[in-house]
Amino acid sequence: MAGRYALRRHTNAIATVLALGATAVGLGWLALILGSLLWHGFRGLSPTVFTQMTPPPGSSGGLLNPIVGSLILTALAVAIGTPIGILAGTYMAEYGRYDRLTSVVRFINDILLSAPSIVVGLFIYEVMVAPMGHFSGWAGGVALAVLVIPVVVRTTEDMLTLVPNALREAATSIGLPRSLSITRICYRAARAGMVTGVLLAVARISGETAPLLFTSLNNQFWSPNLNAPMASLPVVIFQFALSPYKDWQSLAWTGALIITLAVLALSITARSLVASGKQQ
Amino acid sequence: MVDLALQEGAVVSVAGTMRARALDRLRLGDAVFRHLTRAAAVAVLLLLSGVIIALIDGSLPALRTFGFAFLTTERWNPVTEKFGALAPIYGTVVTSLIAMLIAVPVGLMIAFFLTELCPQWLRRPIGIAIELLAGIPSIIYGIWGLFVFAPFLQETLQPFLINTLGNVPLIAPLFSGPPYGIGMLTAGLILAIMVLPFVTSISRDVFEAVPPVLKEAAYGVGCTTWEVVRYVVLPYARVGVIGGVMLGLGRALGETMAVTFVIGNAHRISASLLAPGTTISATIANEFTEAVGDLYTSSLIALGLILFVITFIVLAAARYMLLRIERRIG
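Taken in sequence, the protein lines are chains A and B.
Heads up: the first sequence at position 211 corresponds to 208 in the working numbering, and the numbers run straight through without jumps.
To convert, count from 1 in the second sequence and add 679; that's the working numbering.
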């Protein structure tokens, strides 16, 4: 009898240690990755990174054109993807909450949300790059927009569903048409959450490489022309990291550090927005 | 007097038409907005069907040329234009399996820690830290894997595996050959880290959704913490956990950049896990822009189609299971 109790206690102790160990492994890994990013990337971080173009191998330079390219592509993707995402989310939460269409769209959207991004790149290659005959910034921006849409749809729907019905009833009772009660009342009530969705979408696409590889490709030079191939930070990191040149590799690390810091800042901002929204 | 009354009537009717016009405008705006939102919702559906149609259309030449053999042949020769998808499919499946074998137990144990053992004030920070792992872009895992993790494995874990498990009968072929650093095992390990946050956060959410009464009853009859988790929480949350695992699997199957860096891009099926291989996504990422000839491009798109079909099935199953547990909780 006593042996059985001891056995159960031992099992419990072992499980506890394993759980602690697993958590330590998870946290340790995060620390390890961030640590080596800082270690390798911080040395190369200087003003010239932000003021000079990508260099040919063997000389010094910066990451100005890919940084600007990434900003342009991200802005384009948000400009295309956010309105579509917000409108679709609005339909699902407001007009067709109990529709068949809504449940189908929700299911499909969830699949798009985690679909492999490289497939999105292939899709845009087929419908934009191949017909146009050349790689372009437009194609890259649209490819990223395809990744923005599901994130925004999801958060918009979730946040609008949380808006209390009393607000909608009050708006209707003073004679506001449905569209105004949505845009003037519900959007305002759900604003923090919807902004969070856009921020999360930006965080997601700012590190995306796979869909850009064969849509916007890359450009060695200053390239603000959306009709031409455009440099972007992730693709430059990919190219430079796999190159045999030390200068390029160290620039790749610096670029990686910049992206990671930007993404972490975005997701922490998004989180604190949600937290402050909950307190109100 | 009469004039005045007439004038008043005119004012009223002018106001009336203005009012009617304003109402018409509002009604129109209302209808436009409604149809706009509906069109956007339909656009999401069209997006997915567009992806499927474009992929099928693009892969037709390859599928017509090679037929079903495309799925079952290993050779991949751009020079003679003979393509088969078996090696990338094998690599995708094996690396994802390695990732899940590691990430699932570790993720479940972290969820166990976060819901049952962790002091309240530590739960949020640790949860956020684990979720930050999910926010790091995959290219960062790639560069880290190539320059930090792979050399480390080459010097430590891989020689160790070769010297120990490499001598055990039956599984010896899995751990034979020289330690390259990069290869299937390294890619699987990196994927494990990337999938871990998905498994953890979903498991934690479904663990937390277990009614406290059930747990309290189990504690009341003298169960240890582990027994409560093993015999009460886990069975109750089983469907949700499987959903989370499938979601993670969907991620692992489609992950591109991190794998491309560390897989070695070798189009062959090796018995050894330490050998370089390739996956569907890594093949596309590496070769698409350099592919010359329609058949080559089309074969790569066909690979993309296969990947999409596999992940679609896995993700649909995951969503179905998560929906089931949501209904039970809600």
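We put the beta carbon where it would ideally sit given N, CA and C, even for glycine.
Just so it is clear, the structure is predicted and the values come from calculations on it, not from any experiment.
DSSP state of residue i, grouped into three classes?
i	result
B/F747	coil
A/C183	helix
B/R802	helix
B/N965	helix
B/P767	helix
B/G900	Here residue 900 of chain B turns out to be Val, not Gly, going by the sequence shown. DSSP places B/V900 in coil when its eight states are reduced to three.
A/A225	coil
A/S170	helix
B/R947	coil
B/A888	coil
A/W219	coil
A/L239	coil
B/I815	coil
B/A954	coil
A/I146	helix
A/P53	coil
B/L683	Note that B/L683 scores a pLDDT of 49, beneath 50, so its modelled location is shaky; the value from the coordinates is reported in the next line. B/L683 falls in the helix class under three-state DSSP.
B/P740	helix
A/T206	coil
A/L42	coil
A/A19	helix
B/P858	coil
B/V730	helix
A/T71	helix
B/T843	coil
A/V281	Since the first residue of chain A shown is -2 and the last is 277, residue 281 of chain A is not available in this structure.
B/P876	helix
A/S133	coil
Got a sec, what are the start and stop residues for the alpha helix (DSSP H) residue i sits in?
i	result
A/D96	Run containing A/D96: none; DSSP gives neither H nor E here.
B/I942	Where B/I942 is concerned, there is no enclosing alpha helix (DSSP H), given that its DSSP letter is neither H nor E.
A/I115	S114 to I121
B/V908	Per DSSP, B/V908 belongs to no alpha helix (DSSP H) and is neither H nor E.
A/F211	Premise fails: A/F211 is in no alpha helix (DSSP H) and is neither H nor E.
A/L192	With the sequence shown as reference, residue 192 of chain A is identified as Val, and Leu is not the correct amino acid for it. Start and end: R188 to S203.
B/A916	L913 to G933
B/I850	Careful: B/I850 lies outside any alpha helix (DSSP H) and carries neither H nor E.
A/G59	Run containing A/G59: none; DSSP gives neither H nor E here.
B/A829	A829 to E834
Per DSSP, residue i forms a beta bridge with which residues?
i	result
B/K894	Beta-bridge pairing links B/K894 to no other residue.
B/W755	B/F762
Can you check whether the CB of residue j is closer than 8 Å to the CB of residue i?
i	j	result
A/G138	A/L70	yes
A/A281	A/T158	A query on residue 281 of chain A cannot be resolved here, the shown segment of chain A reaching from -2 to 277 and no further.
A/P226	A/L210	no
B/G770	B/T990	no
B/S978	B/V920	no
A/V149	A/T193	no
A/V199	A/V75	yes
A/A140	A/I171	no
B/M936	B/S775	no
B/R998	A/D107	yes
B/A871	B/I781	yes
B/V907	B/A897	yes
B/V723	A/I105	yes
A/L34	B/I768	no
B/A981	B/L742	yes
A/W250	B/I822	yes
B/V941	B/G824	yes
B/V772	B/V924	no
Which whole-angstrom value describes the C-beta separation of residue i and residue j, a residue pair presumed to lie in contact below a C-beta threshold of 8 Å?
i	j	result
B/T976	B/A970	5 Å
A/L164	A/T266	Contact flag wrong, Cβ pair sits at about 26 Å.
B/G929	B/V993	5 Å
B/G983	B/L734	6 Å
B/N952	B/L853	According to the sequence displayed, residue 952 of chain B carries Leu and not Asn. Between B/L853 and B/L952 the Cβ distance is about 5 Å, and since that is below 8 Å, they are a contact.
B/A694	A/A85	Not really, about 39 Å apart at Cβ, beyond 8 Å.
B/M779	B/G927	7 Å
A/T169	B/T716	That pair is no contact at about 17 Å.
A/L27	B/L812	5 Å
A/V126	A/A136	5 Å
A/T51	A/A228	7 Å
Cβ-heavy atom distance between residue i and the ligand ADP below 7 Å?
i	result
A/I202	What this structure holds is no ligand at all, so the ligand ADP is not there to describe.
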